[in-house]
Amino acid sequence: MLTDSHCHLADPALARRLPEILSTARTQGVTRFIVPAAQAGDFEAVCRLHQPPECYGAVGLHPWFAGQFSPELLAQTAALLQARPKLLVGEIGLDYHGERKQTRPAQQTALLAQLDLARQYRRPVILHHVRAAADTVAALKQTAFRCGGIAHGFSGSLEEARALIGYGLLIGIGTLALNPNARKVRTAAAELPLEHLALETDSPFMLPAGEAENTPANVRRVAETVAALRGIAWQKVAAATERNIGRLLAF
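Be aware that the sequence shown starts at 112, since it is given in this note's numbering, and climbs by one per residue.
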């Protein structure tokens, strides 16, 4: 069994073909899914998909949409968490790539509030972080967040990965690892202890090079790539990452 620990099944690109998408994933051994929201408009669809133990939703405000943050949105998120005991918080985080760094204060405000909410409800988080590792770790420290989660779509250094692991986060290895030129993520996949890794696709985004679409079925390829980098059987990667996800979801 494999888990796609980050797939946007509520996105129209996948939602309109969801039975086919899930069927294809299962042929590759992908049988569990974590589905994050990006903004409030996604919450209803994500909550419909939230059907543990097969599919776990996450509600939160992605840093790209930090301008939408408000006390009302936080209250809406809290109400959903209270009503659904297995709902995670995400996709939240910081993104300082390009012009997005101009919204840094709004992003930080939204992240701190949502981390604090996740801490109150003892929920794991799905954490987006791009060119913002130091501030992400600072936010975890400031909120005393220790409820676990996944540092999604990791592409940083081993030092950054270890800092995030120190706060109880799994390191999400995604389809970027399929690119032989993605040296940092492939180094992380090869050298970090297996007990700190999770597998993901970020589908329908993060298209593998030269391919027309990305779906959860590609988790199998990610597992095989991690295994090849480590010189072990892919089944060993699958077993270890499934144990990790099992621990994460046992809240």
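Beta carbons: idealized from backbone N, C-alpha and C, even for Gly.
Going by C-alpha positions, residue 339 is about 18 Å away from residue 265. Separation of residue 292 and residue 284 (C-alpha to C-alpha, rounded to the nearest whole angstrom) is 15 Å. In this structure the stretch 166 to 185 lies against the stretch 140 to 153, because at least three pairs of beta carbons, one per stretch, are closer than 8 Å.
The DSSP assignment places 123 to 126, 129 to 138, 154 to 160 as complete runs of the alpha helix (DSSP H) inside the stretch 119 to 164, in order along the chain (cut-off: 4 residues). Out of 294, 188, 142, the CA that lies nearest to the CA of residue 221 is found in 188.
Ranking 359, 301, 358 by CA distance to the CA of residue 344 puts 301 first. By the Cβ neighbour-count rule, residue 277 is exposed, with fewer than 16 other Cβ atoms within 10 Å of its own. Counting only the Cα atoms, residue 236 lies some 13 Å from residue 255.
Taking a 10 Å sphere around the C-beta of residue 320, we find fewer than 16 other C-beta atoms and assign the residue as exposed.
Comparing alpha-carbon positions, the option among 259, 299, 134 lying closest to residue 165 turns out to be 134. When the alpha-carbon of residue 232 is set against those of 332, 335, 259, the nearest one is in 259. Beta-bridge partners assigned by DSSP to residue 114: 143. With contacts defined by Cβ atoms closer than 8 Å, residue 214 and residue 288 do not form a contacting pair.
Here residue 126 really is in contact with residue 156; their C-beta atoms are around 7 Å apart, less than 8 Å. Using a 10 angstroms sphere on the CB of residue 268, the tally of other CB atoms stays under 16, which defines it as exposed.
Residue 204 is not a Cβ neighbour of residue 163, given a cutoff of 8 Å. Residue 194: member of the alpha helix (DSSP H) spanning 182 to 194, first to last residue. DSSP places residue 275 within a helical segment (H, G or I) once states are collapsed to three. With fewer than 16 other beta carbons inside 10 angstroms of its own, residue 362 counts as exposed.
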